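Worksheet for the structure shown next.
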Amino acid sequence: MTADVCGLSIAELSRLLRARKLSPVELTKAHLARIETYEPQLDAFITVTSDLALRQAKRAQREIAAGNYRGPMHGIPFGLKDIYNTQGIMTSAGSKLCKENIPAQDSTCTRKLYEAGGILLGKLQTHEFAHGGPSFDLPWPPARNPWNLAHFTGGSSSGSGAAVAAGLVAGALGSDTGGSIRGPASFCGIVGMMSSAGLVSRAGVVPNSFTLDHCGPMTRSVEDCAIMLQAIAGYDPDDGGSIPVQIPNYRANLKKGIKGMRIGVLRHVWEEDVPQSPEVVKAMDDAIATLRKLGAKVEDARVRPALEYSDVKVVLAETEIYTINYPDLATRAGDFGEDFLSRALPACLFQSSDYVAASREQRRMIDEMAPLWKKYDALVSVVFGPAPGLDKHHPLNFWARPNANPMANVLGCPSLALCNGYSADGLPLGMQIMGRPFDEKTALRIGYAYEQATDWHQRRPQLDPDARQPKLTPPTHTPAKPKGLDAKTVALVRSLAAKAQLQLNERQMGLLLEAAPYALAMADRVRRKHERSAEPCNVFRFPRSVGL
0 MTADVCGLSI AELSRLLRAR KLSPVELTKA HLARIETYEP QLDAFITVTS
50 DLALRQAKRA QREIAAGNYR GPMHGIPFGL KDIYNTQGIM TSAGSKLCKE
100 NIPAQDSTCT RKLYEAGGIL LGKLQTHEFA HGGPSFDLPW PPARNPWNLA
150 HFTGGSSSGS GAAVAAGLVA GALGSDTGGS IRGPASFCGI VGMMSSAGLV
200 SRAGVVPNSF TLDHCGPMTR SVEDCAIMLQ AIAGYDPDDG GSIPVQIPNY
250 RANLKKGIKG MRIGVLRHVW EEDVPQSPEV VKAMDDAIAT LRKLGAKVED
300 ARVRPALEYS DVKVVLAETE IYTINYPDLA TRAGDFGEDF LSRALPACLF
350 QSSDYVAASR EQRRMIDEMA PLWKKYDALV SVVFGPAPGL DKHHPLNFWA
400 RPNANPMANV LGCPSLALCN GYSADGLPLG MQIMGRPFDE KTALRIGYAY
450 EQATDWHQRR PQLDPDARQP KLTPPTHTPA KPKGLDAKTV ALVRSLAAKA
500 QLQLNERQMG LLLEAAPYAL AMADRVRRKH ERSAEPCNVF RFPRSVGL
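Listed below in structure tokens is the structure:
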């Protein structure tokens, strides 16, 4: 029974629960038993909330028995990336610095899922402050990929990807600043929706970037993604970036097909900007052919090179996460994982003019998309895959290699990631469907049509209850001697770190110097010429107390 119900979709489970052919308590116990069996090999959870889950399940069972059915999330076990605040339950953000952080109230998304009748099974693994990489120097070990326990899940919603793929939860919430929902969805063979900027509240979610953070669901099917999105979407005055828009029924149009839809294919992204392996290229070609067979009008389209979106994303997001964590970075850098430091510390090199230039460029990028959103119903691009080994991670990859994912964050548009094939080694591959801002329903409709025309989503990782984690040698990293930095520039980097009052030892300074050439080059690239009146991509609002 455990294997059977834990493999069902949210849509299937909700029908059984509503018809009282399955009870929330039975379902919750089945998932808790599966967590007990497989969590030792997956490390998907930071905290398992068994007692709370059983209390919520008993309440849901009473309500459904009394005819008070709340909707398709009622009685459904879910997990939260451990950056979503949970009242009375540690929200660690994957960091030593937050091991004692017990929030006094729930995040808005947590509350909405509770109100929908959802059952919280626990808090899921995340890279430190939803940033960094698969680190072995944090209080909790990195999550393992259910398809191969020696491989990476993607990040930073690492536990969410692993737990959903392994059937430990029926669905989960992740967050996405530059691919942190879509990457794990791709590596773990599931579905992930990065929602439009302003659609889903970020109130009570540990921030990475106020400008580029997005919240969204991670599930095993597109329909399930629509169900979870329905529960969490909506305006929230407690989130300064929240935008009041009408929320449609995301499931209503899923089955209408895509005949006649206009889809632009960003082929240059995976063929020129971020060249992919032959396996990924074939998977993308086959997926595009499937969309054509389904009646969509598909043609190649072009946007800016992926590097330009990555530059804007990194200058904005690293400046913000550096500022958010500055008090601790300045005085206790050693309490952070080194992968986080290798990303955040170089932001001390970005100047105020770089940040404003990047924000202005973001505004320009958004405006440039208007003709394409008029011409196409959606755009298709690659995510990436297959997942690399956990022992292959190198912190400099973040600075040295652009990827396809920051584009959607910078543009603020929704992006749905889903599986479009498997490698020869049996690891998932992924693509993404980007829709117009606040047009999640179209991206979901296209994704659903593709999903139903293929069988990739029906595959499940074959887990062995007696398996043990393969032993890995954690990657060691010695900061390289700076390349491309002359003595004058090295002195500049050291002086900027000193001016910021960063108390760094020589190894930490080495991490900063190693990434400095990439950060400085990035800042140079975002300094484009703008007219004097060109506005940055900021949002201004009066506080609620003003009454406007």
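Residue numbers (numbering that gives the first Met the number 0): 0 to 547.
Glycine included, C-beta positions come from ideal geometry on N, C-alpha and C.
Note that the structure is a prediction, hence the values are computed from the model and not measured.
CB-CB length for residue i against residue j, believed under 8 Å
i: alanine 161; j: cysteine 187; result: 6 Å
i: lysine 111; j: alanine 184; result: Not a contact, Cβ separation roughly 21 Å.
i: glycine 263; j: tyrosine 83; result: At roughly 34 Å, the Cβ-Cβ gap does not stay under 8 Å, so glycine 263 and tyrosine 83 are not in contact.
i: lysine 312; j: asparagine 408; result: 6 Å
i: serine 429; j: valine 382; result: Serine is not the amino acid found at residue 429; the sequence shown has glycine there. Sure, about 4 Å apart at Cβ, within 8 Å.
i: leucine 501; j: alanine 329; result: 5 Å
i: aspartate 353; j: valine 199; result: The Cβ separation is near 29 Å, so there is no contact.
Residue i and residue j closer than 9 Å at C-beta
i: histidine 213; j: isoleucine 189; result: no
i: methionine 193; j: alanine 514; result: no
i: glycine 233; j: arginine 201; result: no
i: aspartate 105; j: alanine 169; result: no
i: aspartate 338; j: serine 134; result: yes
i: arginine 61; j: glycine 116; result: no
i: glycine 259; j: alanine 448; result: no
i: alanine 142; j: aspartate 42; result: yes
i: arginine 359; j: arginine 527; result: yes
i: proline 550; j: glycine 384; result: The question about residue 550 has no answer, for the chain in this structure spans 0 to 547.
i: serine 8; j: arginine 219; result: yes
i: leucine 265; j: arginine 291; result: no
i: proline 413; j: phenylalanine 437; result: yes
i: aspartate 390; j: proline 473; result: yes
i: proline 304; j: glutamate 271; result: yes
i: tryptophan 139; j: serine 195; result: no
i: glutamine 431; j: alanine 403; result: yes
i: glutamine 40; j: glutamine 468; result: yes
6 Å CB neighbourhood of residue i in its chain, flanking five on each side removed
i: isoleucine 63; result: none
i: lysine 557; result: The question about residue 557 has no answer, for the chain in this structure spans 0 to 547.
i: alanine 518; result: Pro345, Leu348
i: isoleucine 306; result: Contrary to the premise, residue 306 reads as leucine rather than isoleucine in this sequence. Correct list, in chain order: Pro401.
Sequence-distant residues of its chain with Cβ nearer than 7 Å to residue i (five each side left out)
i: methionine 0; result: In this prediction, methionine 0 has a pLDDT of 48, which is less than 50 and means its spatial position is unreliable; what the coordinates show is noted afterwards. Contacts found: Ala29.
i: glutamate 568; result: Since the first and last residues shown for the chain are 0 and 547, residue 568 lies out of range.
i: glutamine 55; result: Ile118, Leu119
i: leucine 15; result: Leu21
i: proline 576; result: Nothing in the structure corresponds to residue 576, since the chain is present only between 0 and 547.
i: isoleucine 323; result: Pro206
i: alanine 59; result: Pro23, His73, Gly74, Gly116, Ile118
i: aspartate 136; result: Gly336, Glu337
i: arginine 33; result: Thr1, Cys5, Gly166, Leu167
i: isoleucine 365; result: Leu410, Gly411, Cys536
Opening and closing residue of the beta strand (DSSP E) in which residue i lies
i: proline 216; result: 213–218
i: cysteine 418; result: 414–421
i: proline 76; result: 76–80
i: serine 380; result: 377–381
i: threonine 46; result: 44–47
i: arginine 201; result: From DSSP, arginine 201 is part of no beta strand (DSSP E); its letter is neither H nor E.
i: isoleucine 287; result: No beta strand (DSSP E) contains isoleucine 287, which is instead part of the alpha helix (DSSP H) from 277–292.
i: lysine 296; result: 296–299
i: glycine 264; result: For the record, residue 264 in the displayed sequence is valine; it is not glycine. Element bounds for valine 264: 261–264.
i: aspartate 223; result: Looking at the DSSP string, aspartate 223 is not in any beta strand (DSSP E); the run it does join, the alpha helix (DSSP H), is 221–231.
Nearest neighbour of residue i, chosen from the options [CA to CA]
i: glycine 177; options: Gly154, Ala442, Ser159, Asn537; result: Gly154
i: leucine 511; options: His529, Cys536, Lys482; result: Lys482
i: glycine 197; options: Val204, Asp238, Ala225; result: Asp238
i: glutamate 534; options: Val355, Ala115, Gly166, Leu228; result: Val355
i: leucine 378; options: Asn84, Lys487, Glu298, Pro460; result: Glu298
i: leucine 31; options: Ile9, Leu167, Lys95, Ala103; result: Leu167
i: tryptophan 372; options: Leu53, Asp485, Thr441; result: Thr441
i: glutamate 127; options: Gly158, Leu501, Ala103, Thr107; result: Gly158
i: asparagine 100; options: Cys108, Thr85, Thr109; result: Thr85
i: aspartate 485; options: Thr125, Arg435, Pro516, Met508; result: Pro516
i: valine 244; options: Arg250, Asp235, Ala251; result: Asp235
i: leucine 503; options: Ser414, Gly434, Asn537, Asp334; result: Asp334
i: cysteine 418; options: Lys254, Gly182, Arg291; result: Gly182
i: phenylalanine 397; options: Leu328, Arg467, Pro140, His130; result: His130
i: tryptophan 269; options: Ser380, Asp463, Gly66; result: Ser380
i: aspartate 465; options: Pro71, Thr36, Ala10; result: Thr36
i: glutamine 507; options: His529, Leu491, Thr488, His476; result: His476
Residue i, enclosing alpha helix (DSSP H) - first and last residue
i: glutamate 555; result: Residue 555 lies beyond the stretch modelled for the chain, which goes from 0 to 547, so this question has no answer here.
i: arginine 524; result: 505–525
i: alanine 305; result: 305–323
i: isoleucine 365; result: 351–367
i: leucine 344; result: Taken as a continuous stretch (DSSP letters only), leucine 344 belongs to no alpha helix (DSSP H), as it is neither H nor E.
i: serine 134; result: Per DSSP, serine 134 belongs to no alpha helix (DSSP H) and is neither H nor E.
i: serine 157; result: 157–164
Residue-chain proximity (residue i, chain B), Cβ-Cβ < 9 Å
i: glutamate 317; result: In the structure shown, chain B does not exist; there is a single protein chain.
Sequence-distant residues of the same chain with beta carbon closer than 8 Å to residue i, five excluded per side
i: lysine 296; result: Gly259, Met260, Arg261, Ile262
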